[in-house]
Each structure stands twice: as C-alpha cells, then as structure tokens.
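Peer 1: Encoded as structure tokens, here's the structure I'll be asking about.
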Amino acid sequence: MASILIVGAGGFIGGFIASEALRRGYDTWVAVRETTSRRYLSDERLHFVVLDYNDGDSMAEALREAAPPQGHWDFIIWNLGATKCANFADFNRINFVYLRTFLDVIEDARMVPDRFLFMSSLSALGPWDEAGYSPATSKTIPQPNTRYGLSKIKAETLLDTRPYLPWVVFRPTGVYGPHEQDYLMMIKSIDGGIDPGMGYRKQMLTFVYVEDLVNAMFDALAAPAGAVLHKKYIISEPRSYTQREFRAIVKRALGKRFVMPLKLPMWAVYGASWVAEKWGVAKMRPSTLNRDKYRIMKQRNWNCDVSDAVRDFGFSPRFSLERGIGETVKAYLSEKDKG
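Using the working numbering, you'd call the opening residue of the sequence shown number 15 and step up by one each time.
Pasting the structure below:
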C-alpha cells in the first residue's frame, strides 16, 4: 500500500484530499498544527502528525516518529498556505518560509518522496492580457501584483532550485465547493436578496470544483514521472464565465426569482476592502476583504489554458459550474437549516 503525507490537511481542500486518498487506498497521514480543526478529518484510518512549522528541529523529530516503516512517504502533497493574513508579512512566512524549512528537513533526514505535489495558485501569475482576454498558459511570464501571489511565486522558485526533489506544481484557479468560505459570501448575499457586481468592465472568471482539483492531484501523482516532473500546471474547468453568468447560476441554485442588483464601482470595492482590512488588523484576525483581495477582484481576465494537464495526465473535470454550484448551495442550505 502506497503511503502519502498531506501537509496542510485541516482546511477546506485538505479534507477532500484526505478523503480521496483513503478512497484510493493510500495509507494516509495528515499533517496539522496543534490548533488545527479536525472537523473534516474524522476518519479513524487517518494517521495524524502534529507539526510546528516555526521549529525545524521539532518538525524533524515529529516526522521521524510518524514516518512509515520505510522511513519516508511515497508521496507528499503540500497544501499548506495562507490566502488571507492580518499581517501581510505572514504571507511570506507561511507560504514560503515554512516550505523552505520543510524541504530542508526532509532532505537532511533522507525523507524525500517519490513525488512532491505543491499547491500554488493562478494568482502567482498576476494579471495578463487585460485587453484581449487571451488565456494564461504554461508559458505566461509571472508578474504577481499581490503579496499572496508573490509568496506563491517565491515558493515555486524555491522548488526550481531543488532539482533533487521530484516536484509537480499545480496553479488552480478559483476553487469552490462545500465548506469554502470566500465564494460563500456571494452565495449568502444572493440568498439574502442582494445581487452584487464589481466593476463595469467585462470580467471573465474561471473556476474549478474541489473534487475535480483533488482528482487531478492523484492523477498527476500516478502519472509516469517523465510526463509530469518539474512541470507547472494550470487547473481549471476549461471554460470561463462572466460575472452575470456566475451570479445567475447561484440564483438558480438557490431558487431565487428576483434579487436586488447592486453594481459597485471598483473604487467603492477598494474602499470597502481597505476598511475591512484595517478592522481585521485591529481585531488581529484576517479579513476576507483586503487590499490584496481587491487586486484579485479587480483583475478582469482569468481565462486559462489547461491543455498541458489534459495531455500529461488526462485531466478532465466532471463538474460544470452549474453542477458544482448546485452541490455547494445544497451543502450551504443544509448547514443553514441546522442553525
């Protein structure tokens, strides 16, 4: 039985990765912090590893004690990361420094896996072709304009300097599904009768349902090494949607016939993001709305090309946005009914 370690297993995506690993028959370890919620990690077959990412020595000891009999894991998925921070310096610490420390530890301890899959983000590329709306490809030159995106491209560059590590990088677009919080804000708003739109220029959005993303991870892990190693893949449903199409799909899923449209200019979105960010700093809690998030919302072109993933490991998303939003809304309404 192949072994796998999922680092950053406690979040929205991590729970789905752990469930899929078990379903596919992997002997599965999940790495979490001491304070990480285990709400979506309740299966008794999971092995837990508690890591202190600020302490390399402690991390090395915990990994050695938890390792399978051969002394290392066959596969490691690095899903750890921060998408919003009260202090922007934390993006660098969590998304870059933690990875560097972990790689140093597994190299020194001779625990390098057969395959290391790193979860990056489409935001690592920054904006591209805001006039012609051509899709991003594997050849698009990264120019991140957010602290989040910069921290992700730094992590990718770190991997570029580690040729001994058999890494694969995923750059997913907007990931959604049950338990995700950012798109849930839009769902709640429409459920409450307000249909918000941001900006007056056309915006093309792309999405990937969480189960399609997770299936792609395991397909890439199982692909021949020569096909995928040291490559970076964009992961998305292979079509884009306008803001209006996205909101219409949410309205249909909620069964809403009419909601109040509210079109916000980008300067108003920036103001709201600035206020929310400062409020989060005052409360010492990261805010979903902040200046980094504003730059992401301001970006008009999220079209992307997934042909490399299709060619190299047969990527074929099963969930259209209509179907995925249906599942997401179903989970939201179920939680809402529970109070």
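Don't be surprised by glycine CBs; every beta carbon is placed ideally from N, CA and C.
For clarity, every value in this text was computed on a predicted model and none was experimentally measured.
So, for valine 228: in the same chain, excluding its five sequence neighbours on each side, which residues have a beta-carbon less than 6 Å away from its beta-carbon?
Peer 2: Answer for valine 228: Phe30, Ile31, Glu34, listed in chain order.
Peer 1: Since serine 250 contacts phenylalanine 272 with CB under 8 Å, what's their CB separation in whole angstroms?
Peer 2: That belief does not hold up - the Cβ atoms of serine 250 and phenylalanine 272 are roughly 31 Å apart, past 8 Å.
Peer 1: When burial is assigned at 16 or more other CB atoms within 10 Å of the CB, is serine 165 buried or exposed?
Peer 2: It counts as buried.
Peer 1: Pick out whichever of Asn101, Val119, Met15 has its Cα sitting closest to the Cα of alanine 76.
Peer 2: Among Asn101, Val119, Met15, the Cα nearest to that of alanine 76 is on Val119.
Peer 1: Looking at C-beta atoms only, is the number of pairs between the stretch 241 to 257 and the stretch 169 to 185 that lie closer than 8 Å three or more?
Peer 2: Yes: the two stretches touch, three or more of their Cβ pairs being nearer than 8 Å.
Peer 1: May I have the straight-line CA-CA distance separating leucine 179 from aspartate 104, to the nearest angstrom?
Peer 2: About 25 Å.
Peer 1: Go to arginine 129, then tell me how far its beta strand (DSSP E) extends in each direction, as first and last residue.
Peer 2: Here the beta strand (DSSP E) through arginine 129 covers 129 to 133.
Peer 1: Output the boundary residues of the alpha helix (DSSP H) element that contains arginine 53.
Peer 2: Counting along the chain, arginine 53 falls outside any alpha helix (DSSP H), and DSSP gives it neither H nor E.
Peer 1: Label threonine 256 either buried or exposed according to how many other C-beta atoms from any shown protein chain fall within 10 Å of its C-beta, with 16 as the threshold for buried.
Peer 2: Exposed.
Peer 1: Which stretch, first to last residue, makes up the alpha helix (DSSP H) that contains methionine 73?
Peer 2: Unbroken alpha helix (DSSP H) run through methionine 73: 70 to 80.
Peer 1: Would you list the one or two residues that DSSP bridges to tyrosine 223?
Peer 2: Beta-bridge pairing links tyrosine 223 to Tyr190.
Peer 1: Among Gly39, Thr50, Val63, Glu48, which one has its Cα closest to the Cα of isoleucine 20?
Peer 2: Ranking the options by Cα distance to isoleucine 20, first place goes to Val63.
Peer 1: Around the Cβ of glutamine 217, are there at least 16 other Cβ atoms within 10 angstroms (buried) or fewer (exposed)?
Peer 2: The residue is buried, with at least 16 neighbouring Cβ atoms inside 10 Å.
Peer 1: Mind checking alanine 282: buried by the 16 CB within 10 Å criterion, or exposed?
Peer 2: Exposed, since its Cβ has fewer than 16 Cβ neighbours within 10 Å.
Peer 1: Find out if the Cβ-Cβ distance for the pair isoleucine 208, leucine 276 is shorter than 9 Å.
Peer 2: Yes; because the gap between Cβ atoms is below 9 Å, this pair is in contact.
Peer 1: What's the call for tyrosine 308, buried or exposed, on a 16-neighbour Cβ count within 10 Å?
Peer 2: The residue is buried, with at least 16 neighbouring Cβ atoms inside 10 Å.
Peer 1: Check for me: the alpha helix (DSSP H) holding glycine 338 runs from which residue to which?
Peer 2: 335 to 352 is the extent of the alpha helix (DSSP H) around glycine 338.
Peer 1: From the DSSP output, in three-state form, read off asparagine 109 for me.
Peer 2: Asparagine 109: helix per DSSP, three-state reduction.
Peer 1: Could you pull the start and end residues of the beta strand (DSSP E) that isoleucine 249 belongs to?
Peer 2: Residues 246 to 249.
Peer 1: Which residue from Ala150, Gly240, Val264 puts its Cα closest to that of valine 320?
Peer 2: Out of Ala150, Gly240, Val264, Ala150 has the C-alpha closest to the C-alpha of valine 320.
Peer 1: Can you tell me the Cβ-Cβ gap for isoleucine 18 and phenylalanine 89, rounded? I've got them flagged as a contact below 8 Å.
Peer 2: Indeed, because the Cβ distance is near 4 Å, the residues count as touching under 8 Å.
Peer 1: Going by DSSP, which residues form a beta bridge with leucine 276?
Peer 2: The partner list for leucine 276 (beta bridge, DSSP) reads Pro210.
Peer 1: Leucine 172 and threonine 154: beta carbons closer than 9 Å?
Peer 2: Contact flag unset, no.
Peer 1: Using DSSP with H/G/I as helix, E/B as strand and the rest coil, what is leucine 36?
Peer 2: Helix, per DSSP.
Peer 1: I'd like the list of long-range same chain contacts for serine 203, defined as Cβ closer than 8 Å, with 5 residues on each side in sequence excluded.
Peer 2: Contacts found: Asp209, Pro210.
Peer 1: Aspartate 196 and threonine 302 look like a contact to me (Cβ under 8 Å); what is the Cβ gap, rounded to whole Å?
Peer 2: Contact holds; Cβ gap of about 6 Å.
Peer 1: Who are the near neighbours of aspartate 143 in its chain, counting only those whose CB is closer than 7 Å to its CB and skipping five residues on each side?
Peer 2: Here the set comprises Asn315.
Peer 1: Is isoleucine 310 closer than 9 Å to threonine 160 when the C-beta atoms are compared?
Peer 2: Yes, the pair counts as a contact, with Cβ atoms nearer than the cut-off.
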